[in-house]
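In this text, residue positions in the sequence shown follow this note's numbering: the first is 489, and each later residue adds one.
Built from N, CA and C at the ideal position, the CB exists for glycine as well.
Read through the structure below, which is laid out as C-alpha coordinates, and then see the notes.
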Amino acid sequence: MAQAIRWPTPIILAALVIVVAGMRAASDLLEPFLLAIFISIVCVPAMNWLVVRRVPEGLAVLLVMLGLLLVVVISMAVLGASVNGFMRQLPVYQQALTERAGGLLNQLAAIGVDTDISALRERFDPAMAIGLAGKLMGRFGAVLGNVLLIMIAVAFILLEAARMPSKVLAATQDGGHGLDAFKRFAEGVKQYLAIKSMVSLGTGLLVTIWLWALDVDYPLLWGALAFLFNYIPNIGSFLAAIPACLLAWVLHGGVTASVVAAGYIVINTVIGNFLEPRLMGRSLGLSTLVVLVSLVFWGWVLGPVGMVLSVPLTMILRIALDSHDETRWIAILLGPEVEAPRAVKES
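And the structure:
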(Lines of atoms letter the chains of each structure in order from A and count residues from 1; the text may use other names and numbers.)
(Lines give C-alpha, C1' and ligand atoms only; values in the text may rest on other atoms or scores of the structure.)
Protein backbone atom coordinates (compact mmCIF):
# COMPACT_ATOMS: atom_id res chain seq x y z
CA MET A 1 0.00 0.00 0.00
CA ALA A 2 1.38 3.39 -0.94
CA GLN A 3 2.15 5.67 1.97
CA ALA A 4 0.49 9.07 2.19
CA ILE A 5 2.77 11.95 1.28
CA ARG A 6 3.43 14.35 4.17
CA TRP A 7 4.02 17.80 2.75
CA PRO A 8 6.24 20.23 4.70
CA THR A 9 4.33 22.92 6.56
CA PRO A 10 5.91 25.85 4.63
CA ILE A 11 4.75 24.31 1.35
CA ILE A 12 1.22 23.88 2.71
CA LEU A 13 1.14 27.50 3.91
CA ALA A 14 2.48 28.75 0.59
CA ALA A 15 -0.19 26.75 -1.25
CA LEU A 16 -2.89 28.29 0.97
CA VAL A 17 -1.62 31.79 0.22
CA ILE A 18 -1.69 31.06 -3.52
CA VAL A 19 -5.22 29.63 -3.29
CA VAL A 20 -6.51 32.65 -1.34
CA ALA A 21 -4.85 35.08 -3.76
CA GLY A 22 -6.41 33.20 -6.66
CA MET A 23 -9.85 33.33 -5.02
CA ARG A 24 -9.52 37.08 -4.51
CA ALA A 25 -8.46 37.61 -8.11
CA ALA A 26 -11.36 35.46 -9.36
CA SER A 27 -13.97 36.80 -6.92
CA ASP A 28 -16.26 38.02 -9.72
CA LEU A 29 -16.40 34.45 -11.05
CA LEU A 30 -16.60 32.73 -7.66
CA GLU A 31 -19.47 34.81 -6.24
CA PRO A 32 -22.25 33.45 -8.51
CA PHE A 33 -21.01 29.87 -8.15
CA LEU A 34 -20.89 30.12 -4.36
CA LEU A 35 -24.42 31.51 -4.37
CA ALA A 36 -25.45 28.61 -6.62
CA ILE A 37 -23.97 26.10 -4.17
CA PHE A 38 -25.81 27.58 -1.19
CA ILE A 39 -29.08 27.85 -3.10
CA SER A 40 -28.70 24.22 -4.17
CA ILE A 41 -28.14 23.05 -0.61
CA VAL A 42 -31.31 24.83 0.49
CA CYS A 43 -33.24 23.28 -2.44
CA VAL A 44 -32.03 19.68 -1.92
CA PRO A 45 -34.67 18.84 0.77
CA ALA A 46 -37.47 19.89 -1.60
CA MET A 47 -36.03 17.73 -4.37
CA ASN A 48 -35.63 14.75 -2.03
CA TRP A 49 -39.24 15.21 -0.87
CA LEU A 50 -40.42 14.90 -4.48
CA VAL A 51 -38.16 11.91 -5.23
CA VAL A 52 -39.43 10.02 -2.17
CA ARG A 53 -42.95 10.45 -3.56
CA ARG A 54 -41.92 8.66 -6.76
CA VAL A 55 -41.40 11.77 -8.86
CA PRO A 56 -38.65 11.04 -11.43
CA GLU A 57 -35.36 12.71 -10.59
CA GLY A 58 -35.26 14.86 -13.72
CA LEU A 59 -38.84 16.01 -13.23
CA ALA A 60 -38.15 16.75 -9.54
CA VAL A 61 -35.21 18.97 -10.50
CA LEU A 62 -37.37 20.70 -13.12
CA LEU A 63 -40.16 21.38 -10.61
CA VAL A 64 -37.70 22.72 -8.04
CA MET A 65 -36.08 24.95 -10.67
CA LEU A 66 -39.47 26.29 -11.77
CA GLY A 67 -40.36 27.11 -8.16
CA LEU A 68 -36.98 28.76 -7.64
CA LEU A 69 -37.35 30.74 -10.86
CA LEU A 70 -40.78 31.95 -9.74
CA VAL A 71 -39.34 33.14 -6.43
CA VAL A 72 -36.45 34.89 -8.19
CA VAL A 73 -38.71 36.63 -10.73
CA ILE A 74 -41.12 37.87 -8.06
CA SER A 75 -38.27 39.01 -5.79
CA MET A 76 -36.48 40.86 -8.58
CA ALA A 77 -39.70 42.51 -9.74
CA VAL A 78 -40.61 43.70 -6.26
CA LEU A 79 -37.13 44.61 -5.03
CA GLY A 80 -36.03 46.03 -8.37
CA ALA A 81 -38.57 48.84 -8.13
CA SER A 82 -37.48 49.60 -4.55
CA VAL A 83 -33.78 49.61 -5.42
CA ASN A 84 -34.28 51.86 -8.46
CA GLY A 85 -36.46 54.28 -6.51
CA PHE A 86 -33.99 54.40 -3.64
CA MET A 87 -31.03 55.02 -5.94
CA ARG A 88 -32.90 57.91 -7.60
CA GLN A 89 -33.67 59.47 -4.21
CA LEU A 90 -30.23 58.75 -2.75
CA PRO A 91 -28.73 62.24 -3.39
CA VAL A 92 -31.79 63.85 -1.77
CA TYR A 93 -31.51 61.62 1.31
CA GLN A 94 -27.77 62.24 1.60
CA GLN A 95 -28.21 66.01 1.42
CA ALA A 96 -31.03 65.97 4.00
CA LEU A 97 -29.02 63.74 6.32
CA THR A 98 -25.99 66.00 6.08
CA GLU A 99 -28.15 69.02 6.95
CA ARG A 100 -29.73 67.23 9.94
CA ALA A 101 -26.32 66.14 11.20
CA GLY A 102 -24.99 69.67 10.84
CA GLY A 103 -27.99 71.06 12.73
CA LEU A 104 -27.46 68.56 15.54
CA LEU A 105 -23.79 69.50 15.86
CA ASN A 106 -24.69 73.20 15.93
CA GLN A 107 -27.21 72.55 18.73
CA LEU A 108 -24.56 70.70 20.72
CA ALA A 109 -22.13 73.57 20.23
CA ALA A 110 -24.81 76.06 21.35
CA ILE A 111 -25.21 74.34 24.72
CA GLY A 112 -21.49 74.32 25.36
CA VAL A 113 -20.44 70.94 23.99
CA ASP A 114 -17.04 71.31 22.36
CA THR A 115 -17.52 70.04 18.79
CA ASP A 116 -15.16 70.70 15.94
CA ILE A 117 -17.77 70.44 13.19
CA SER A 118 -15.37 70.53 10.28
CA ALA A 119 -13.15 67.84 11.82
CA LEU A 120 -16.12 65.62 12.60
CA ARG A 121 -17.43 65.93 9.07
CA GLU A 122 -14.03 64.97 7.70
CA ARG A 123 -13.91 61.83 9.85
CA PHE A 124 -17.57 60.83 9.80
CA ASP A 125 -20.17 61.69 7.22
CA PRO A 126 -23.56 60.18 8.17
CA ALA A 127 -24.69 60.36 4.57
CA MET A 128 -22.02 57.81 3.70
CA ALA A 129 -23.99 55.13 5.57
CA ILE A 130 -26.99 55.48 3.29
CA GLY A 131 -24.69 55.73 0.28
CA LEU A 132 -22.93 52.55 1.37
CA ALA A 133 -26.26 50.75 1.52
CA GLY A 134 -26.95 51.81 -2.05
CA LYS A 135 -23.55 50.60 -3.22
CA LEU A 136 -24.04 47.30 -1.39
CA MET A 137 -27.42 46.66 -2.99
CA GLY A 138 -25.91 47.59 -6.34
CA ARG A 139 -23.17 45.00 -5.79
CA PHE A 140 -25.71 42.30 -5.00
CA GLY A 141 -27.72 43.39 -8.01
CA ALA A 142 -24.65 42.90 -10.20
CA VAL A 143 -24.17 39.39 -8.83
CA LEU A 144 -27.85 38.54 -9.24
CA GLY A 145 -27.57 39.86 -12.78
CA ASN A 146 -25.92 36.51 -13.54
CA VAL A 147 -29.24 34.80 -12.86
CA LEU A 148 -28.96 32.55 -15.90
CA LEU A 149 -25.50 31.34 -14.88
CA ILE A 150 -26.62 30.78 -11.29
CA MET A 151 -29.76 28.88 -12.33
CA ILE A 152 -27.83 26.61 -14.70
CA ALA A 153 -25.28 25.88 -11.98
CA VAL A 154 -28.05 25.11 -9.47
CA ALA A 155 -29.70 22.68 -11.92
CA PHE A 156 -26.46 20.74 -12.49
CA ILE A 157 -25.65 20.67 -8.77
CA LEU A 158 -29.10 19.27 -7.97
CA LEU A 159 -28.71 16.60 -10.66
CA GLU A 160 -25.31 15.68 -9.23
CA ALA A 161 -26.52 15.61 -5.61
CA ALA A 162 -28.39 12.31 -6.02
CA ARG A 163 -25.30 10.57 -7.44
CA MET A 164 -22.79 11.95 -4.94
CA PRO A 165 -23.21 9.27 -2.19
CA SER A 166 -22.47 6.42 -4.62
CA LYS A 167 -19.44 8.32 -5.94
CA VAL A 168 -18.11 8.89 -2.42
CA LEU A 169 -18.60 5.20 -1.57
CA ALA A 170 -16.73 4.13 -4.71
CA ALA A 171 -13.94 6.67 -4.16
CA THR A 172 -13.24 5.93 -0.49
CA GLN A 173 -13.45 2.09 -0.55
CA ASP A 174 -13.30 1.97 3.24
CA GLY A 175 -16.40 -0.03 4.05
CA GLY A 176 -18.70 2.97 4.15
CA HIS A 177 -16.83 5.07 6.75
CA GLY A 178 -16.13 7.81 4.22
CA LEU A 179 -19.76 7.77 3.11
CA ASP A 180 -20.93 8.09 6.73
CA ALA A 181 -18.64 11.11 7.22
CA PHE A 182 -19.93 12.64 3.98
CA LYS A 183 -23.55 12.11 5.06
CA ARG A 184 -22.88 13.76 8.44
CA PHE A 185 -21.27 16.68 6.66
CA ALA A 186 -24.09 17.03 4.11
CA GLU A 187 -26.84 16.78 6.75
CA GLY A 188 -25.11 19.31 8.98
CA VAL A 189 -24.75 21.81 6.14
CA LYS A 190 -28.37 21.34 5.01
CA GLN A 191 -29.65 21.71 8.57
CA TYR A 192 -27.63 24.86 9.20
CA LEU A 193 -28.55 26.60 5.94
CA ALA A 194 -32.22 25.60 6.12
CA ILE A 195 -32.61 26.90 9.69
CA LYS A 196 -30.55 30.03 9.04
CA SER A 197 -32.52 30.84 5.88
CA MET A 198 -35.84 30.35 7.67
CA VAL A 199 -34.77 32.54 10.60
CA SER A 200 -33.38 35.21 8.26
CA LEU A 201 -36.61 35.22 6.26
CA GLY A 202 -38.60 35.72 9.45
CA THR A 203 -36.30 38.58 10.46
CA GLY A 204 -36.69 40.25 7.07
CA LEU A 205 -40.49 39.94 7.13
CA LEU A 206 -40.78 41.41 10.64
CA VAL A 207 -38.46 44.30 9.76
CA THR A 208 -40.47 45.01 6.60
CA ILE A 209 -43.76 45.08 8.52
CA TRP A 210 -42.29 47.27 11.27
CA LEU A 211 -40.88 49.85 8.86
CA TRP A 212 -44.06 49.85 6.77
CA ALA A 213 -46.10 50.57 9.91
CA LEU A 214 -43.79 53.50 10.73
CA ASP A 215 -44.02 54.89 7.17
CA VAL A 216 -40.31 54.56 6.39
CA ASP A 217 -39.60 54.62 2.66
CA TYR A 218 -38.76 51.35 0.89
CA PRO A 219 -39.52 48.88 3.70
CA LEU A 220 -39.08 45.92 1.32
CA LEU A 221 -35.54 47.05 0.57
CA TRP A 222 -34.58 47.24 4.25
CA GLY A 223 -36.30 43.92 4.93
CA ALA A 224 -34.21 42.32 2.18
CA LEU A 225 -31.09 43.90 3.68
CA ALA A 226 -32.03 42.51 7.11
CA PHE A 227 -32.54 39.07 5.52
CA LEU A 228 -29.09 39.10 3.91
CA PHE A 229 -27.23 40.54 6.89
CA ASN A 230 -28.84 38.10 9.29
CA TYR A 231 -26.39 35.53 7.92
CA ILE A 232 -23.72 37.55 9.75
CA PRO A 233 -24.20 36.86 13.49
CA ASN A 234 -23.68 39.47 16.18
CA ILE A 235 -22.98 42.51 13.99
CA GLY A 236 -25.02 41.81 10.84
CA SER A 237 -28.31 42.96 12.32
CA PHE A 238 -26.65 46.12 13.66
CA LEU A 239 -25.21 46.95 10.24
CA ALA A 240 -28.57 46.35 8.55
CA ALA A 241 -30.31 48.70 10.99
CA ILE A 242 -28.04 51.72 10.45
CA PRO A 243 -29.32 52.94 7.04
CA ALA A 244 -32.98 52.34 7.97
CA CYS A 245 -32.61 54.28 11.23
CA LEU A 246 -30.83 57.15 9.47
CA LEU A 247 -33.53 57.28 6.81
CA ALA A 248 -36.23 57.34 9.50
CA TRP A 249 -34.37 60.23 11.15
CA VAL A 250 -34.30 62.13 7.85
CA LEU A 251 -37.98 61.52 7.11
CA HIS A 252 -39.65 61.74 10.52
CA GLY A 253 -37.15 62.92 13.12
CA GLY A 254 -35.40 61.46 16.12
CA VAL A 255 -38.44 59.94 17.86
CA THR A 256 -39.36 57.74 14.90
CA ALA A 257 -35.71 56.81 14.38
CA SER A 258 -35.55 55.69 18.02
CA VAL A 259 -38.70 53.61 17.59
CA VAL A 260 -37.23 52.01 14.46
CA ALA A 261 -34.03 51.19 16.35
CA ALA A 262 -36.04 49.73 19.24
CA GLY A 263 -37.93 47.52 16.79
CA TYR A 264 -34.69 46.19 15.33
CA ILE A 265 -33.36 45.49 18.82
CA VAL A 266 -36.49 43.60 19.89
CA ILE A 267 -36.74 41.57 16.67
CA ASN A 268 -33.09 40.55 16.65
CA THR A 269 -32.96 39.90 20.39
CA VAL A 270 -35.95 37.57 20.32
CA ILE A 271 -34.91 35.77 17.14
CA GLY A 272 -31.14 35.80 17.64
CA ASN A 273 -30.99 35.01 21.36
CA PHE A 274 -34.02 32.77 21.87
CA LEU A 275 -35.49 31.30 18.68
CA GLU A 276 -32.37 30.61 16.62
CA PRO A 277 -30.32 28.92 19.39
CA ARG A 278 -33.26 26.61 20.16
CA LEU A 279 -33.52 25.58 16.50
CA MET A 280 -29.79 25.38 15.83
CA GLY A 281 -28.47 23.79 18.98
CA ARG A 282 -24.89 24.27 20.16
CA SER A 283 -23.56 21.81 17.58
CA LEU A 284 -24.10 24.39 14.83
CA GLY A 285 -22.47 27.42 16.43
CA LEU A 286 -19.27 29.41 16.08
CA SER A 287 -17.27 31.39 18.58
CA THR A 288 -17.58 35.17 18.42
CA LEU A 289 -13.89 35.57 17.57
CA VAL A 290 -14.17 33.11 14.67
CA VAL A 291 -17.22 35.00 13.38
CA LEU A 292 -15.31 38.30 13.41
CA VAL A 293 -12.21 36.84 11.75
CA SER A 294 -14.26 35.03 9.10
CA LEU A 295 -16.21 38.24 8.38
CA VAL A 296 -13.01 40.22 7.80
CA PHE A 297 -11.31 37.44 5.83
CA TRP A 298 -14.14 36.50 3.47
CA GLY A 299 -15.10 40.15 3.06
CA TRP A 300 -11.55 40.88 1.96
CA VAL A 301 -11.47 37.90 -0.42
CA LEU A 302 -14.95 38.17 -1.97
CA GLY A 303 -16.20 41.66 -1.10
CA PRO A 304 -19.74 42.34 0.22
CA VAL A 305 -21.02 38.96 -0.96
CA GLY A 306 -18.20 37.34 1.01
CA MET A 307 -19.32 39.19 4.15
CA VAL A 308 -22.80 37.70 3.83
CA LEU A 309 -21.45 34.23 3.02
CA SER A 310 -18.61 34.40 5.58
CA VAL A 311 -20.33 32.52 8.38
CA PRO A 312 -21.98 29.88 6.14
CA LEU A 313 -18.58 29.23 4.52
CA THR A 314 -16.86 28.96 7.90
CA MET A 315 -19.72 26.84 9.23
CA ILE A 316 -19.29 24.41 6.33
CA LEU A 317 -15.58 24.23 7.15
CA ARG A 318 -16.38 23.47 10.78
CA ILE A 319 -18.91 20.76 9.87
CA ALA A 320 -16.38 19.20 7.49
CA LEU A 321 -13.72 19.18 10.22
CA ASP A 322 -16.21 17.74 12.72
CA SER A 323 -16.99 14.85 10.36
CA HIS A 324 -13.52 13.31 10.85
CA ASP A 325 -12.01 12.13 14.13
CA GLU A 326 -8.56 13.45 13.18
CA THR A 327 -9.77 17.03 12.73
CA ARG A 328 -12.61 17.19 15.27
CA TRP A 329 -10.41 19.08 17.73
CA ILE A 330 -10.15 21.97 15.24
CA ALA A 331 -13.95 22.03 14.92
CA ILE A 332 -14.21 22.26 18.72
CA LEU A 333 -11.84 25.25 18.74
CA LEU A 334 -13.94 26.97 16.07
CA GLY A 335 -17.19 26.34 17.95
CA PRO A 336 -18.80 28.15 20.87
CA GLU A 337 -18.00 27.59 24.52
CA VAL A 338 -18.15 23.93 25.55
CA GLU A 339 -18.74 22.33 28.90
CA ALA A 340 -15.38 21.76 30.59
CA PRO A 341 -14.64 18.26 31.92
CA ARG A 342 -15.42 17.80 35.59
CA ALA A 343 -11.81 17.04 36.43
CA VAL A 344 -10.72 20.35 34.94
CA LYS A 345 -13.42 22.22 36.89
CA GLU A 346 -12.39 20.62 40.19
CA SER A 347 -8.74 21.47 39.62
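- Counting other Cβ atoms within 10 Å of its Cβ, Arg576 stays below 16 and is therefore classed as exposed.
- In the structure shown, the three-state DSSP call for Tyr719 is coil.
- As the crow flies, the alpha-carbon of Ile818 is around 12 Å from that of Ser775.
- Looking at Met768, Leu790, Gly787, the one whose alpha-carbon comes closest to that of Pro824 is Met768.
- Ala808: member of the alpha helix (DSSP H) spanning 792 to 810, first to last residue.
- One alpha carbon belongs to Pro707, the other to Gly510, and they sit about 38 Å apart.
- In the three-state DSSP reduction, Leu689 falls in the helix class (H, G or I).
- In terms of Cα proximity to Val784, the closest of Gly690, Ile720, Gly546, Leu822 is Ile720.
- Judged by DSSP in its simplified three-state form, Val543 adopts coil rather than helix or strand.
- Segment contact: the segment 520 to 529 against the segment 676 to 689, three or more CB-CB distances shorter than 8 Å; contact assigned.
- If the five residues before and after Ser725 are omitted, its C-beta is found closer than 6 Å to the C-beta atoms of Asn756, all from its own chain and listed in chain order.
- In the displayed model, Leu780 falls within a helix according to three-state DSSP.
- In this structure, the alpha-carbon of Trp788 lies about 8 Å from that of Gly794.
- Here Ile759 is near Gly690, since their CB atoms are less than 8 Å apart.
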